[in-house]
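First the structure, in the form of structure tokens, and then the observations on it.
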Amino acid sequence: MSVHYYQVARHRLCIQLPDALQPAQVIPSFSPFQCEGEGDVVFTMEVSVGVAPDFCGMQEIGQFDCGGANHGVYRSAAGEYGFEISLPACDGGQLSCCMLASADFRHCRAVLTGEYLGQHQFGLNNALMMAFAFATAEQDTLLVHASVIRNNGYGYLFTAPSGTGKSTHTHLWYKHIPGSDLMNDDNPVVRIVDGQALIFGSPWSGKTPCYRNIWAPVGAITRIEQKPENTIRRMATVEAFAMLLPAVSSMKWDARVYRGICHCLSRLIALTPIFLLGCRPDEEAARVCYEAVKVDSSSQSEASEPGQKSNKPQGS
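Under this note's numbering, the first residue of the sequence shown carries the number 1, and numbering increases by one thereafter.
Here you go:
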């Protein structure tokens, strides 16, 4: 068994792998987030390869479609969780991993049930993503389904249902708005730190391999809808909450997790402007959005890559 430590959005976590599995093989997206082992961890994930555990003594919470992949969720009378993580239906739908977790997700065990490396990667990455989201739920931390572009030191999040055009819009910023770069394309992490909303890159970025250990203050959050004309408006508080809640990884049946997520989301909306963008997939849409949401950061500090020389705050 080998022990590895990683830091995501300033949260430290521990992954224990069997000797037959190397991090570079099974969790390559975590490489930029590797860190020293000293310090507290938000959760520990012990990984093994074997037969799926028996969840028959647990209550079935439900079967959930997670981006085309089925996740079965179970809960014991004592509050511990069991998860069945299957491949997307388009890839065969086979069971690839089972996860057992304590009620607070600080102690987790992943059993990789797949027969090949791709199944191990998919199953373990999904188990780690869920463990991270639910272990940090009470620490002003949100795992958000969004694509994030960075411009002039600020991170701009774009949310929408899968296939609506988040990645297309951030690509338009990258192409047409000078000084833009992609922070994450699917699952960035938002944290409230010392009264400020910050956005962090993560090891989870959907189909786009954008695994960057960087951070920036949140400039704005924008909901995208496909429309024949390019228009944008700022959303009211209640409207923004109702829009953002489904975009955040949560479990409504778990009072601890749901309370923490709602508390952090309320703080985020109080700190951050939220917009609704109706748009076409064209250059004008990017420019209309940019002019509405951009932050005048001439007197503000700017985040940068870890290790980059700067007199401004460094990414971590």
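All residues carry an ideal CB built from backbone N, CA and C; glycine is no exception.
DSSP-derived helix/strand/coil call for H120
helix
Opposing strand residues paired with G82 [DSSP bridges]
Y74, L100
Determine the contact status of Y290 and I177, defining contact as a CB-CB distance below 7 Å.
yes
Can you confirm whether the region 29 to 38 touches the region 211 to 219 when touching is taken to mean that 3 or more C-beta pairs between the two stretches lie within less than 8 Å?
yes
What are the residues that DSSP puts in a beta bridge with W215?
F200
If we call anything under 7 Å between Cβ atoms a contact, is L143 one with S249?
yes
Do F55 and G93 count as a contact pair if the criterion is CB distance below 7 Å?
no
Under 7 Å between C-beta atoms of A286 and L172
yes
Does the region 231 to 244 come close enough to the region 270 to 284 that 3 or more CB-CB pairs lie under 8 Å?
yes
Tell me the rounded alpha-carbon separation between K227 and G278.
5 Å
Inspect the beta-carbon positions of A137 and M45 and report whether they are closer than 7 Å.
no
Quick check: the Cα distance between V8 and S102, rounded to an integer number of angstroms?
21 Å
Length-filtered (3 minimum) beta strand (DSSP E) runs lying within the region 8 to 92:
11 to 17, 43 to 49, 59 to 66, 69 to 75, 81 to 88
Taking all protein chains shown into account, decide if S86 is buried (16 or more other Cβ within 10 angstroms of its Cβ) or exposed.
buried
Pair within 7 Å by beta-carbon distance, H145 and A247:
yes
Alpha carbon to alpha carbon, what distance is there between E283 and C98?
44 Å
Spatial neighbours of T164 in its chain, beta-carbon cut-off 8 Å, leaving aside the 5 residues before and after:
I224, E225, Q226
Would you report the Cα separation of Y74 and R191, rounded to the nearest angstrom?
28 Å
Spatial neighbours of E115 in its chain, beta-carbon cut-off 6 Å, leaving aside the 5 residues before and after:
none
Would you identify the three-state DSSP class for M251, choosing helix, strand or coil?
coil
Of the residues T208, A133, P188, the one placed nearest R256, counting alpha carbons only
A133
Using a Cβ cut-off of 7 Å (strictly closer), state whether A216 contacts chain C.
Checking the listed chains, one finds no chain C in this structure; it contains a single protein chain.
For S316, which of helix, strand or coil comes out of DSSP?
Because the pLDDT at S316 is just 37, under 50, the model does not fix this residue reliably, and the point stays unresolved.
From G62 to G79, what distance separates their C-alpha atoms?
15 Å
Taking the straight line between their C-alpha atoms, what separation do you get for F105 and V293?
36 Å
If I follow the unbroken beta strand (DSSP E) through R106, where does it start and stop?
Neither: R106 is in no beta strand (DSSP E) and is coded neither H nor E.
In the structure shown, what three-state DSSP assignment does T1 receive?
One point to set straight first is that residue 1 is Met, not Thr, in the sequence displayed. In the structure shown, M1 sits in coil (DSSP, three-state: anything other than H, G, I, E or B).
Strand pairing of A110, partner residues [DSSP]
V47, M99
Check whether the Cβ atoms of S202 and V218 lie closer than 7 Å to each other.
no
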